[in-house]
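Protein chains in written order, with our numbering: chain A, 57 to 302; chain B, 4 to 208.
In what follows, a single structure is set out as structure tokens and then discussed.
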């Protein structure tokens with residue numbers, strides 16, 4: 057029996073450009089363990105002089121995909137690990153990883169719904185794992201995704217979300233673009249606020265299980281907005297990233 | 004370490020010479036202050052806020068907000084490491100040391116562990132030796148300002164020598180117990196102790 061969460065060497069088998077600053081990496085994982093949608097892996101890079109850098113990245117792929125995982129990684133300005141993935145890593149590279157990690161920000165079909173997912177930018181990644189898992193495993197569960205991005209070309213997984221929605225009448229997808237909206241844009245065009253959350257709740261019911269992931273200010277606004285709309289705080293799970301001066 | 008795995012093409016940003024020996028393994032230094040919470044931010048009105056020392060003590064004690072502000076407080080400048088890999092050096096807090104709070108009770112000799120608990124149902128467990136002798140405090144100001152709610156205000160525990168999840172946000176008291184009981188993250192795959200210098204991140208390491 058191996059120790060839990062031992063480091064292992066995975067191999068990059070595919071790289072997909074999602075947006076100008078976001079890429080998905082498929083890793084073949086020798087000692088693969090089924091994850092729960094929402095969990096993450098730790099990644100460790102080691103320089104020739106022994107210097108190491110570690111980061112955590114959410115799993116984007118669904119748990120049913122045996123033997124491999126996708127991590128979707130956004131390039132962070134000055135980020136030494138994300139720059140490595142965007143500038144250096146290629147198919148065939150071997151990378152140290154360990155996981156899956158995390159036991160709270162997780163969802164599986166057996167937990168049920170209705171399900172409300174709220175994402176800001178690359179915060180959509182663990183929620184995408186939930187949506188991909190839901191397809192096939194729990195697509196009868198009423199689900200809504202409210203996804204805030206800055207611009208249309210920065211929306212991660214846009215096409216896949218469109219096809220998931222087209223194939224499934226119980227999935228609603230709401231986009232909001234906060235900086236710039238293309239001509240003819242039919243989604244929202246502002247930061248997430250209470251009236252937007254009210255609309256979304258109206259679509260799936262007033263007491264959903266909620267997962268919110270994104271930059272701190274978005275998570276705070278969405279969580280407080282939902283509590284203000286009488287959603288049970290105990291049903292709201294959050295994951296935050298990004299700097300804050302608060 | 005000739006058998007160490009080396010990542011092709013990774014050089015690393017390198018470490019600032021002055022602070023390298025203050026950054027625990029697997030951590031990197033940041034200058035901002037990320038917020039990490041498992042759920043919505045609770046907002047307890049100050050007039051309803053209390054802080055309790057309870058459990059295996061001769062006589063439980065509880066302070067209101069204004070009583071708590073009257074306790075002798077001091078500045079603490081400490082390095083903080085979060086299990087999500089960031090370390091922030093020289094964070095400037097203001098609050099009351101746990102040693103001072105414990106002067107108000109007599110601990111039962113059977114007490115061996117502490118459970119810090121906060122609004123929203125959060126708990127975290129600590130052995131008593133990790134809480135005393137200047138190692139832990141309850142902070143209500145950060146960097147010269149009242150501690151904001153997303154960062155755990157009005158008051159949070161700070162236990163700088165352990166990963167930051169041990170520093171309970173929105174803290175409302177400490178319960179002393181005889182037997183250890185894993186808290187919120189400790190029950191969800193995170194290490195029971197959480198020493199950053201030993202990289203005690205996850206269960207079983």
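For glycine and all other residues, C-beta sits at the position ideal for the given N, C-alpha and C.
| query | result |
| --- | --- |
| Own chain, CB closer than 8 Å to residue 284 of chain A, minus 5 neighbours either side, in chain order | 250 |
| Anticipated Cβ contact below 8 Å, residue 55 of chain A with residue 85 of chain A, distance rounded | With chain A covering only 57 through 302, there is no way to say anything about residue 55 of chain A. |
| The beta strand (DSSP E) enclosing residue 66 of chain A, as first and last residue numbers | 64-75 |
| Length at least 4, wholly inside the segment 63-151 of chain B: the alpha helix (DSSP H) runs in chain order | 68-73, 101-105 |
| Listed by chain order, chain B residues near residue 115 of chain A by CB distance under 9 Å | Those within 9 Å of residue 115 of chain A in chain B number zero; the least Cβ separation is about 14 Å. |
| Residues sharing a beta bridge with residue 82 of chain A, DSSP | A:70, A:126 |
| Start and end residues, alpha helix (DSSP H) containing residue 215 of chain A | 214-223 |
| Reduced DSSP secondary structure (H/G/I, E/B, other) of residue 202 of chain B | coil |
| First through last residue of the beta strand (DSSP E) which encompasses residue 152 of chain A | 150-157 |
| Supposed close pair residue 81 of chain A, residue 115 of chain A - CB separation, criterion 8 Å | About 11 Å; that fails the 8 Å criterion. |
| Amino acids of chain A, ordered along the chain, whose beta-carbon sits closer than 9 Å to that of residue 8 of chain B | 63, 65, 100, 102, 150, 152 |
| Beta carbon proximity, residue 199 of chain B to chain A, threshold 8 Å | no |
| Chain-ordered residues of the segment 23-57 of chain B with a beta carbon less than 7 Å from chain A | 29, 31, 35, 36, 37, 38, 39, 40, 41, 42, 43, 44 |
| Terminal residues of the alpha helix (DSSP H) in which residue 231 of chain A lies | That residue, residue 231 of chain A, is in no alpha helix (DSSP H); its beta strand (DSSP E) goes 227-233. |
| Residue of B:179, B:62, B:143, B:64 minimising C-alpha distance to residue 133 of chain B | B:179 |
| Members of the segment 58-91 of chain B near chain A, C-beta cut-off 8 Å | 87, 88 |
| Other residues of its chain near residue 300 of chain A: CB distance less than 6 Å, five sequence neighbours each side excluded | The predicted model places residue 300 of chain A with a pLDDT of 41, which falls under 50 and marks its position as unreliable; any figure quoted below should be read in that light. Excluding positions up to five away in sequence, the list reads 272. |
| Anticipated Cβ contact below 8 Å, residue 190 of chain A with residue 165 of chain A, distance rounded | 6 Å |
| Residue 201 of chain A, buried or exposed, once every other Cβ within 10 Å from all chains shown has been counted against 16 | buried |
| Which of helix, strand or coil DSSP assigns to residue 23 of chain B | helix |
| Stretch-stretch touch, CB-based, cutoff 8 Å, three pairs: the segment 273-280 of chain A with the segment 37-44 of chain B | yes |
| Partner residues on chain A for residue 12 of chain B, Cβ-Cβ distance less than 7 Å | 144 |
| Closest Cα partner of residue 50 of chain B within the set B:171, B:8, B:207, B:67 | B:67 |
| Through-space distance from residue 117 of chain B to residue 63 of chain B, alpha-carbon basis | 14 Å |
| Inter-stretch contact at 8 Å, needing at least 3 Cβ pairs: the segment 155-163 of chain A / the segment 237-254 of chain A | no |
| Element boundaries [alpha helix (DSSP H), containing residue 375 of chain A] | No answer is possible for residue 375 of chain A: it lies beyond the span of chain A, which begins at 57 and ends at 302. |
| Nonlocal neighbours in the same chain, by C-beta distance under 7 Å from residue 57 of chain A, ignoring five residues either side | Its pLDDT being 35, under 50, residue 57 of chain A is placed unreliably in this model, and the value from its coordinates should be taken loosely. Excluding sequence neighbours, residue 57 of chain A sits near nothing in its chain. |
| Residue 159 of chain B: contacting residues in chain A (beta-carbon distance under 9 Å) | Within 9 Å Cβ-Cβ: nothing; residue 159 of chain B doesn't reach chain A, min ~14 Å. |
| Min CB distance residue 289 of chain A to chain B below 8 Å | yes |
| Listed by chain order, chain A residues near residue 104 of chain B by CB distance under 9 Å | Correct list: empty, because the minimum Cβ distance to chain A is about 27 Å. |
| Closer than 8 Å at the beta carbon, the chain B residues around residue 263 of chain A | Result: empty, since nearest Cβ-Cβ is about 15 Å, beyond 8 Å. |
| Three-state secondary structure assigned by DSSP to residue 120 of chain A | coil |
| Min CB distance residue 16 of chain B to chain A below 8 Å | yes |
| Proximal residues of chain B, C-beta to C-beta of residue 130 of chain A below 9 Å | Within chain B, no residue comes near residue 130 of chain A; the closest Cβ sits about 15 Å away, beyond 9 Å. |
| Residue 191 of chain B at chain A interface by Cβ criterion, 8 Å | yes |
| Boundaries (first-last residue) of the beta strand (DSSP E) holding residue 177 of chain B | 174-180 |
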